[in-house]
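In our numbering, the protein residues as written are 119 to 721.
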């Protein structure tokens, strides 16, 4: 006899927040409506190039500190190139800027480069927990992931309003149902299909219930962290201890995504007309609610939850419309997140952009604007940037230009006094990210394959590494030029990261990453010194110099310095280098440049 499946009841009673949580939430800075702050009065007004400097100067004057001197032209040019493009300036660009240091024109030129989208696309892919495979067990490969990555790059280059960027990622299939192009906006919803979930277990068994639970969990968690800076995941097993999100809120938020599922479909790939399987997100009437699980355990279903936004955020001045038509629920979520009334969205992305420029965020916990997150070091500056972004149609490029036009951005990294946390009296010295170091080596050696878009590539790794991983596969490109592409195109397999990126703190694609770690450990030096690829590229760098400069040693070292460091040698450096080259050959010296701090650090 087949036992009838128990129909779970609807849990319609919305639990009330605890009074203590509610009181703190009502007073929390991040949940207040965004208001444009008054510009502060400062003494050294002549230093300020725009309002950003007034807020920085106010804090400096209160702390009794003075801003650092302006950085020199070579430093600024290198800083701007790596900041906006992730690539070094070539000697011709250096000469052009030094002769005519037109800073505004330089910023506009770099923002117009297609390489800008690759650089800032990589930043966003960290937030989106991008990877090319599912992870766990069999680590299934995602053929669709590269389409999402390319969508992000194109969106950045187009300077798509951030609100449109939000809506397309949350509901592109609803907004543009007929867009089937491989570079189309519908692929924006790849945001939801690149998580560490897959409908088949490690032993090949389909597991629909576990997959549905994992899929909805991933959707709710990444949406909260990426766009709102809220840790919804903390409410999956119990009411959030600090933020105004109950467990009931959590599963009701999951319900907003329950009427959507992954669809495996063939797509047409460029001119080759190859039919491949792909995954897209689409709406369906298959499910109109999520299940409430006691303690967040899949084997403890307690009832069904109707879709709604967290109760606390559905009231007052920042209230959102209630979800209606199940086919448009994600669009309603997207509209709520992208609304000017939402107190979080503009603050969260403005904070991220500041962090991507300065290395340190105004809110040191960029994925957590809740009560357990850090308070902003410059709250008025953060709200100024958020309102500036809104007033300028949510244009990230306009915000970039505004930030980089400030005196604060153009400060030197040198300062006579010790640094103080939270006080921006100098430009922070930061190590390049893993992909940027990779791109730098390829560019300086002259081997960078500048091809944009397309499938992810696999640089060579050791056979021992592949064999040590369960179910691992790593099909190295047959042609050397095939893998010598920018780091953003290197495959990210969740079960086996590319070793070079791993050692330099490459992104953890399991969850949304607001800020990468930046460690200093011995394997980094050993990789640059003994690694096969760094050695190969430093040798190629030497070959490039000989090809371009002949056997003129002084000409070779001068050009090498410009290529590697973006500045000319000092007389002292020239003297020391020529003396060094009496004992070692040029090939070894080129390898030494790759191993220097100045090659991998920005100041």
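From the three backbone atoms N, C-alpha and C, an ideal C-beta is built for every residue, glycine too.
Paired residues, beta bridge with residue i - DSSP
{"i": "residue 408", "result": "423"}
{"i": "residue 611", "result": "614"}
{"i": "residue 259", "result": "251"}
{"i": "residue 575", "result": "608"}
{"i": "residue 267", "result": "Residue 267 is not bridged to any residue."}
{"i": "residue 529", "result": "188"}
{"i": "residue 218", "result": "Paired residues: none, contrary to the question."}
{"i": "residue 567", "result": "603"}
Collapsed DSSP secondary structure at residue i in the structure displayed
{"i": "residue 657", "result": "helix"}
{"i": "residue 364", "result": "coil"}
{"i": "residue 719", "result": "strand"}
{"i": "residue 142", "result": "helix"}
{"i": "residue 548", "result": "strand"}
{"i": "residue 373", "result": "helix"}
{"i": "residue 693", "result": "helix"}
{"i": "residue 378", "result": "strand"}
{"i": "residue 634", "result": "coil"}
{"i": "residue 446", "result": "helix"}
{"i": "residue 671", "result": "helix"}
{"i": "residue 603", "result": "strand"}
{"i": "residue 558", "result": "helix"}
{"i": "residue 515", "result": "helix"}
{"i": "residue 597", "result": "coil"}
{"i": "residue 167", "result": "coil"}
{"i": "residue 226", "result": "helix"}
{"i": "residue 324", "result": "strand"}
{"i": "residue 209", "result": "helix"}
{"i": "residue 586", "result": "helix"}
{"i": "residue 307", "result": "helix"}
{"i": "residue 649", "result": "coil"}
{"i": "residue 726", "result": "Any answer about residue 726 is impossible in this case: the structure gives the chain only from 119 up to 721."}
Length of the line joining the Cα atoms of residue i and residue j
{"i": "residue 183", "j": "residue 540", "result": "12 Å"}
{"i": "residue 549", "j": "residue 425", "result": "44 Å"}
{"i": "residue 340", "j": "residue 629", "result": "7 Å"}
{"i": "residue 696", "j": "residue 526", "result": "38 Å"}
{"i": "residue 654", "j": "residue 559", "result": "10 Å"}
{"i": "residue 297", "j": "residue 685", "result": "47 Å"}
{"i": "residue 283", "j": "residue 491", "result": "25 Å"}
{"i": "residue 143", "j": "residue 360", "result": "8 Å"}
{"i": "residue 247", "j": "residue 600", "result": "25 Å"}
{"i": "residue 500", "j": "residue 512", "result": "15 Å"}
{"i": "residue 133", "j": "residue 366", "result": "7 Å"}
{"i": "residue 612", "j": "residue 688", "result": "45 Å"}
{"i": "residue 711", "j": "residue 531", "result": "21 Å"}
{"i": "residue 574", "j": "residue 608", "result": "5 Å"}
{"i": "residue 616", "j": "residue 233", "result": "22 Å"}
{"i": "residue 639", "j": "residue 648", "result": "15 Å"}
{"i": "residue 709", "j": "residue 702", "result": "11 Å"}
{"i": "residue 669", "j": "residue 660", "result": "11 Å"}
{"i": "residue 676", "j": "residue 218", "result": "21 Å"}
{"i": "residue 415", "j": "residue 310", "result": "22 Å"}
{"i": "residue 263", "j": "residue 249", "result": "7 Å"}
{"i": "residue 162", "j": "residue 535", "result": "19 Å"}
{"i": "residue 252", "j": "residue 363", "result": "29 Å"}
{"i": "residue 509", "j": "residue 692", "result": "50 Å"}
{"i": "residue 369", "j": "residue 423", "result": "6 Å"}
{"i": "residue 256", "j": "residue 316", "result": "10 Å"}
{"i": "residue 713", "j": "residue 646", "result": "6 Å"}
{"i": "residue 385", "j": "residue 213", "result": "Residue confidence for residue 385 is low, a pLDDT of 48 falling below 50, so the modelled location carries little weight; the figure read from the coordinates is stated next. So the two alpha carbons sit approximately 47 Å from each other."}
Residue i Cβ short of 7 Å to the ligand NAP heavy atom set
{"i": "residue 490", "result": "The model on display carries no ligand, and the ligand NAP is accordingly not part of it."}
Proximity of residue i and residue j at Cβ, strictly below 8 Å
{"i": "residue 408", "j": "residue 432", "result": "no"}
{"i": "residue 209", "j": "residue 681", "result": "yes"}
{"i": "residue 618", "j": "residue 595", "result": "no"}
{"i": "residue 276", "j": "residue 604", "result": "no"}
{"i": "residue 157", "j": "residue 172", "result": "yes"}
{"i": "residue 189", "j": "residue 528", "result": "yes"}
{"i": "residue 488", "j": "residue 348", "result": "yes"}
{"i": "residue 484", "j": "residue 473", "result": "yes"}
{"i": "residue 375", "j": "residue 314", "result": "no"}
{"i": "residue 345", "j": "residue 466", "result": "yes"}
{"i": "residue 637", "j": "residue 244", "result": "no"}
{"i": "residue 207", "j": "residue 195", "result": "yes"}
{"i": "residue 658", "j": "residue 597", "result": "no"}
{"i": "residue 228", "j": "residue 199", "result": "yes"}
{"i": "residue 147", "j": "residue 493", "result": "yes"}
Interface flag, residue i vs chain E, CB-CB below 8 Å
{"i": "residue 514", "result": "Of the chains in the structure shown, none is chain E; there is only one protein chain."}
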